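Asker: Residue numbers (numbering that gives the first Met the number 0), protein chains in the order written: chain A, 0 to 372; chain B, 0 to 267.
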Amino acid sequence: MIPKTTASAAATRPTMIEFREVQKYYGDYHALRGITATIRAGEFFSLLGPSGCGKTTLLRTIAGFEDISSGAVLIDGKDMSNVPANRRPTNMVFQSYAIFPHLSVAENVGFGLRRDPRSKAEKAKAVEEALEMVGLKGYGPRAAHAMSGGQRQRVALARALILKPKVLLLDEPMSALDKKIREQMQVELMKLQRELGITFVLVTHDQEEALIMSDRIAVMFDGEIAQLADPETLYRHPDSRRVADFIGVMNFLPATVTGESGAGVSLDVAGLGRLDVAPDQVAATRTGGEPAVGFRPETLTLLYEGQPAAAHEAAGIIDEVVYYGDMTYYDVRLDGVDKPVRISMRNVFGRPVLDVGTRTRIGWAPGALVLFR
Amino acid sequence: MKSPALRLFSLAYLVFLYAPIVLLPVFAFNDGTIIAFPLKGFTLQWFDDLFTNVNLGHALKNSLIIAVSTAILATTLGIFAARASTRFDFPGKAGIMGLIMLPLVLPEIIVAVSLLIVLLGIGIPLSIFTVILGHVLAATPYAIAVLNAAFSSLDRSLEEAAYDLGEGKISTFRLITLPLVLPGIVSSCLMAFTISLDEFIIAFFLAGEQTTLPTYIFSQLRFPKQIPMIMALGTCLVAASIVLLTIAEYFRRRGIARTGGKDTGGFL
Numbered sequence: 000m001i002p003k004t005t006a007s008a009a010a011t012r013p014t015m016i017e018f019r020e021v022q023k024y025y026g027d028y029h030a031l032r033g034i035t036a037t038i039r040a041g042e043f044f045s046l047l048g049p050s051g052c053g054k055t056t057l058l059r060t061i062a063g064f065e066d067i068s069s070g071a072v073l074i075d076g077k078d079m080s081n082v083p084a085n086r087r088p089t090n091m092v093f094q095s096y097a098i099f100p101h102l103s104v105a106e107n108v109g110f111g112l113r114r115d116p117r118s119k120a121e122k123a124k125a126v127e128e129a130l131e132m133v134g135l136k137g138y139g140p141r142a143a144h145a146m147s148g149g150q151r152q153r154v155a156l157a158r159a160l161i162l163k164p165k166v167l168l169l170d171e172p173m174s175a176l177d178k179k180i181r182e183q184m185q186v187e188l189m190k191l192q193r194e195l196g197i198t199f200v201l202v203t204h205d206q207e208e209a210l211i212m213s214d215r216i217a218v219m220f221d222g223e224i225a226q227l228a229d230p231e232t233l234y235r236h237p238d239s240r241r242v243a244d245f246i247g248v249m250n251f252l253p254a255t256v257t258g259e260s261g262a263g264v265s266l267d268v269a270g271l272g273r274l275d276v277a278p279d280q281v282a283a284t285r286t287g288g289e290p291a292v293g294f295r296p297e298t299l300t301l302l303y304e305g306q307p308a309a310a311h312e313a314a315g316i317i318d319e320v321v322y323y324g325d326m327t328y329y330d331v332r333l334d335g336v337d338k339p340v341r342i343s344m345r346n347v348f349g350r351p352v353l354d355v356g357t358r359t360r361i362g363w364a365p366g367a368l369v370l371f372r
Numbered sequence: 000m001k002s003p004a005l006r007l008f009s010l011a012y013l014v015f016l017y018a019p020i021v022l023l024p025v026f027a028f029n030d031g032t033i034i035a036f037p038l039k040g041f042t043l044q045w046f047d048d049l050f051t052n053v054n055l056g057h058a059l060k061n062s063l064i065i066a067v068s069t070a071i072l073a074t075t076l077g078i079f080a081a082r083a084s085t086r087f088d089f090p091g092k093a094g095i096m097g098l099i100m101l102p103l104v105l106p107e108i109i110v111a112v113s114l115l116i117v118l119l120g121i122g123i124p125l126s127i128f129t130v131i132l133g134h135v136l137a138a139t140p141y142a143i144a145v146l147n148a149a150f151s152s153l154d155r156s157l158e159e160a161a162y163d164l165g166e167g168k169i170s171t172f173r174l175i176t177l178p179l180v181l182p183g184i185v186s187s188c189l190m191a192f193t194i195s196l197d198e199f200i201i202a203f204f205l206a207g208e209q210t211t212l213p214t215y216i217f218s219q220l221r222f223p224k225q226i227p228m229i230m231a232l233g234t235c236l237v238a239a240s241i242v243l244l245t246i247a248e249y250f251r252r253r254g255i256a257r258t259g260g261k262d263t264g265g266f267l
């Protein structure tokens, strides 16, 4: 795994992009509902959300392809309202890659240098360097339309980076690639971003991709940012049930609040019984819905026969077993709860895979719970 | 093609379609003024007549001027309309496009007569210029139909990418849009040219004293002696069409090969 920028180092960086109360209407449709956020210089930032949440629209307001109805977008401290897309210090990698099919690979990559006063030889050298950077050294004379999907993406990347933009915008760049190439490209993009130090803004609907690659992620629903945080915070301390549900798998059990003090909240949780959670385990956004506690599948453990009792235990029956090779997912119906909870177990050597219908004990940790209410 | 009846029908269909055209060169070289078998002998006299006929030369020149002007004007208008209709949404778009496409189904004689009345009414003298006006009106819908297909198959993000890389709106159009829709533009020019070249009714009404190739041919059919020369003319036109279409098809295929697109058959 490639180490990401540490949180303390990132926090001291200057602001690169600032959204101030950005509103966008398409006729009656309210696409962006008052977006206020900052993206720091040199950050790998992702806009994550389901289709129609406004993430692509927000990206296009940075590029200048989309006018905003009100508010402001600032890049490197400058208001971009009257700056057209071709004068902004941003370049984009399009979802379709938008490779010019009638030009060669080198002509595609060098397209942005047309107005550059440098000599032909210097420009050719810059193109060759850009191609080398994306691992396409020597591909220059080839016809762009004859390249494979993964190669096209590299061409698009080289073409966008040759202008040395302050911000690189990536609109779902990996959605058209197959799994193997996608994973390879994710790693290469992260490496490239760290080497160049350019701010990357990635739009994706793939939560796994966002978690892997980003320094920080803005999760968007219905034209609003639901939560903006680093991947670990998003995963462990989601602000709302909706964010928790969108990122990874989260189990929910209905709970009743029995008491509340500065030291935390006392709960009675179905299947788990009476317990206390600390203040930082309470989700920030109150939706007013039925209270529930959430926990990730890997925070629970199946206790095999003969294993000593855990500090916190519950019992249930295995409802479903999904075998993944390295992992096994168990759906366990806890005593007194209808909806099964999902538990993931690493298949370490010597550990058996249990059958459906087996009665089992599970161990859980109160510190891993999140209260939503 | 399994059933013998179907096979026979297909054969009869092709014979009916092409036999008259095959007969053109046969009688163009036949040494006799009567169009009937048996053939008399070989002659090049009709071609000699053709190339020394001053009136015909004049009509041909008129027709070429009209057809080339029509091709350029109709295609230029078509580019604007096709780009507007594929890239932008504006109020009344469907209605406006409908009105532009209407001449496609209007009887040509109605168009010709109403144009004649209007032109005479505002006092524009009839000439090949008025024929060009009429032909542009008739050919533009076809040009738009061809160009619409070319523009709508163009990925919009290609233009955005060029713009994003620092080009202006006009240079983006010149560097990206134009080369990619060029096969459509060639098709459109060719179609408008062909429509104009053999158009009779509008030319007949609006040409005034001038003649075009079709109106000249029509006027000569009254004289049986001239018919073999018309056959020779027809032979030249067929040969020219084949050459023209071959060139157009060559460019279309080359364009597809260069951009790596899928060959959807074009209009041929």
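Virtual Cβ for every residue (Gly too), placed ideally from N, Cα, C. Quantities reported herein were computed from a predicted structural model and do not represent experimental measurements.
Can you find a CB in chain B that lies within less than 8 Å of the CB of A/Ala-175?
Answerer: By one-based count along the first sequence, residue 175 of chain A stands at place 176. So, not an interface residue.
Asker: Answer yes or no: the CB of A/Leu-160 versus the heavy atoms of the ligand SAM, is any distance below 7 Å?
Answerer: Of ligands this structure carries none, so the ligand SAM is not represented either.
Asker: For B/Phe-266 and chain A, any beta-carbon pair shorter than 8 Å?
Answerer: Position 267 of the second sequence, counted from the start, is the residue given in the question as residue 266 of chain B. Summary for B/Phe-266: the model assigns pLDDT 48, below 50, so the residue's position carries little reliability; its value from the coordinates is reported in the next sentence. False, the Cβ-Cβ gap to chain A never drops below 8 Å.
Asker: Give the secondary structure of A/Ile-67 by DSSP, where H, G and I count as helix, E and B as strand, and everything else as coil.
Answerer: In the first sequence, the residue the question calls residue 67 of chain A occupies position 68. Reduced to three states, the DSSP call for A/Ile-67 is coil.
Asker: Touching or not, the segment 73-88 of chain A and the segment 242-259 of chain A, by the rule of three or more beta carbon pairs under 8 Å?
Answerer: Output reads no: the segment 242-259 of chain A does not touch the segment 73-88 of chain A.
Asker: Please list the terminal residues of the continuous beta strand (DSSP E) segment that includes A/Ser-147.
Answerer: The residue labelled residue 147 of chain A in the question sits at position 148 within the first sequence. Where A/Ser-147 is concerned, there is no enclosing beta strand (DSSP E), given that its DSSP letter is neither H nor E.
Asker: Looking at chain A, which residues of the segment 163-192 of chain B have a Cβ within less than 7 Å of any of its Cβ atoms?
Answerer: Hits within the stretch, in order: Asp-163, Leu-164, Gly-165, Glu-166, Gly-167, Ile-175, Pro-178 and Leu-179.
Asker: Distance cutoff 8 Å, beta carbons only. Does A/Ala-62 sit that close to anything in chain B?
Answerer: Along the first sequence, read from residue 1 onward, the residue named residue 62 of chain A stands at position 63. Interface residue, yes.
Asker: Going along the chain, which residues of its own chain have a beta-carbon closer than 7 Å to the beta-carbon of A/Gly-53, five neighbours each way excluded?
Answerer: Within the first sequence, the letter at position 54 stands for residue 53 of chain A. So the qualifying residues of the chain are Ala-30, Leu-31, Met-219 and Gly-222.
Asker: Considering only residues of the segment 209-252 of chain A, which uninterrupted alpha helix (DSSP H) runs meet the minimum length of 4 residues and lie entirely inside it, listed in chain order?
Answerer: Those alpha helix (DSSP H) runs which fall completely within the segment 209-252 of chain A and span 4+ residues are 230-235 and 240-245.
Asker: Any C-beta of chain B within less than 7 Å: which residues of the segment 80-94 of chain A qualify?
Answerer: The residues in question are Ala-84, Asn-85, Asn-90, Met-91 and Phe-93.
Asker: Hey, quick one: how far does the alpha helix (DSSP H) through B/Arg-86 stretch, first residue to last?
Answerer: Within the second sequence, numbered from 1, the residue matching residue 86 of chain B stands at position 87. Unbroken alpha helix (DSSP H) run through B/Arg-86: 53-86.
Asker: Using a 10 Å radius around the Cβ and a threshold of 16 neighbouring Cβ atoms, would you call B/Pro-106 buried or exposed?
Answerer: On the second sequence, residue 106 of chain B is found 107 positions in, with the first residue counted as 1. Label assigned to B/Pro-106: exposed.
Asker: Is DSSP giving B/Phe-266 helix, strand or coil here?
Answerer: Within the second sequence, residue 266 of chain B is the residue found at index 267, counting from 1. Note on B/Phe-266: pLDDT 48, under 50, position unreliable in the model; the coordinate value appears next. Coil.
Asker: Run the CB neighbour count on B/Ser-84, radius 10 Å, all protein chains shown included, and call it buried at 16 or more, exposed below.
Answerer: The sequence position of residue 84 of chain B within the second sequence is 85, counting from 1. Counting Cβ neighbours within 10 Å, B/Ser-84 comes out buried, since at least 16 surround it.
Asker: Among A/Leu-162, A/Met-189 and A/Gln-152, which has the Cα closest to the Cα of A/Met-173?
Answerer: Mapped onto the first sequence, residue 173 of chain A falls at position 174. Here the closest residue by C-alpha is A/Gln-152.
Asker: Along the chain, which unbroken stretches of the alpha helix (DSSP H) at least 4 residues long are found entirely within the segment 106-151 of chain A?
Answerer: Within the segment 106-151 of chain A, the complete alpha helix (DSSP H) runs of at least 4 residues are 119-132.
Asker: Take the Cβ of B/Tyr-215 as the centre, count every other Cβ of all protein chains shown within 10 Å, and call the residue buried at 16 or more, exposed below.
Answerer: The sequence position of residue 215 of chain B within the second sequence is 216, counting from 1. By the 10 Å Cβ count, B/Tyr-215 comes out buried.
Asker: Looking at the unbroken beta strand (DSSP E) that takes in A/Phe-294, where does it start and where does it end?
Answerer: Within the first sequence, the letter at position 295 stands for residue 294 of chain A. That run of the beta strand (DSSP E) goes 291-294.
Asker: Does DSSP put A/His-29 in a helix, in a strand, or in coil?
Answerer: Counting from 1 along the first sequence, the entry for residue 29 of chain A is found at position 30. Residue state, collapsed to three classes: strand.
Asker: Report yes or no: is there a C-beta of chain B within less than 8 Å of the C-beta of A/Leu-162?
Answerer: Translated into the one-based positions of the first sequence, residue 162 of chain A becomes position 163. A/Leu-162 counts as touching chain B.
Asker: Is B/Lys-224 helix, strand or coil by DSSP?
Answerer: Residue mapping note: residue 224 of chain B aligns to position 225 of the second sequence, counting from 1. Helix.
Asker: Would a check of beta-carbon distances place B/Leu-157 closer than 8 Å to chain A?
Answerer: Position 158 of the second sequence, counted from the start, is the residue given in the question as residue 157 of chain B. Judged by the 8 Å Cβ criterion, B/Leu-157 is in contact with chain A.
Asker: List the residues of chain A whose Cβ lies closer than 8 Å to the Cβ of B/Asp-154, in chain order.
Answerer: In the second sequence, residue 154 of chain B corresponds to position 155, counting from 1. The answer, in chain order, is Ser-95 and Ala-97.
Asker: Less than 8 Å between C-beta atoms, sequence neighbours within five positions excluded: which residues of the same chain meet that for A/Gly-366?
Answerer: Within the first sequence, numbered from 1, the residue matching residue 366 of chain A stands at position 367. These residues qualify, in order along the chain: Ala-277 and Gln-280.
Asker: So which of A/Tyr-303, A/Leu-370, A/Gly-263 and A/Arg-273 has the shortest CA-CA distance to A/Val-292?
Answerer: Along the first sequence, read from residue 1 onward, the residue named residue 292 of chain A stands at position 293. It is A/Leu-370 whose Cα lies nearest to the Cα of A/Val-292.
Asker: So which residues of chain B does A/Gly-148 contact, with C-beta pairs closer than 8 Å?
Answerer: Start at 1 with the first residue of the first sequence, and residue 148 of chain A comes out as number 149. Near A/Gly-148 there are no residues of chain B at all, since even the closest Cβ is about 13 Å away, more than 8 Å.
Asker: Rounded to the nearest angstrom, what separates A/Leu-130 and A/Ala-175 at their Cα positions?
Answerer: Position 131 of the first sequence, counted from the first residue, corresponds to residue 130 of chain A. Position 176 of the first sequence, counted from the first residue, corresponds to residue 175 of chain A. Looking at the two C-alpha atoms, the distance is approximately 21 Å.
Asker: Roughly how many whole angstroms lie between the Cα atoms of A/Val-126 and B/Glu-248?
Answerer: Within the first sequence, numbered from 1, the residue matching residue 126 of chain A stands at position 127. Within the second sequence, numbered from 1, the residue matching residue 248 of chain B stands at position 249. In a straight line, the C-alpha of A/Val-126 is about 35 Å away from that of B/Glu-248.
Asker: Would a check of beta-carbon distances place A/Ile-16 closer than 8 Å to chain B?
Answerer: As a working mapping, residue 16 of chain A is identified with position 17 in the first sequence. So no, A/Ile-16 is outside the interface.
Asker: Pick helix, strand or coil for A/Gly-366, following the three-state DSSP scheme.
Answerer: Stepping through the first sequence from its first residue, residue 366 of chain A is reached at position 367. Looking at A/Gly-366 - three-state DSSP - the assignment turns out to be helix.
Asker: For a test of the three-state rule: what should DSSP assign to B/Ser-126, helix, strand or coil?
Answerer: By 1-based counting over the second sequence, the position of residue 126 of chain B is 127. Reduced to three states, the DSSP call for B/Ser-126 is coil.
Asker: With a threshold of 7 Å on Cβ separation, who are the neighbours of A/Glu-194 within its own chain once the five nearest residues in sequence on each side are excluded?
Answerer: Here residue 194 of chain A is taken as the residue at index 195 of the first sequence, counted from 1. The answer is none, since no qualifying residue turns up.
Asker: So, with DSSP's three-state summary, where would you put A/Met-0?
Answerer: The sequence position of residue 0 of chain A within the first sequence is 1, counting from 1. Reliability of the predicted coordinates at A/Met-0 is poor, the pLDDT of 45 falling under 50, and no value is obtained from them.
Asker: So what's B/Tyr-139 in DSSP terms, helix, strand or just coil?
Answerer: As a position in the second sequence, residue 139 of chain B is number 140, starting the count at 1. Reading the sequence as shown, one finds Thr at residue 139 of chain B and not Tyr. Helix at B/Thr-139.
Asker: Can you grab the Cα-Cα spacing for the pair A/Asp-214 / A/Ile-316, in whole Å?
Answerer: Mapped onto the first sequence, residue 214 of chain A falls at position 215. Mapped onto the first sequence, residue 316 of chain A falls at position 317. The straight-line gap from Cα to Cα measures roughly 40 Å.
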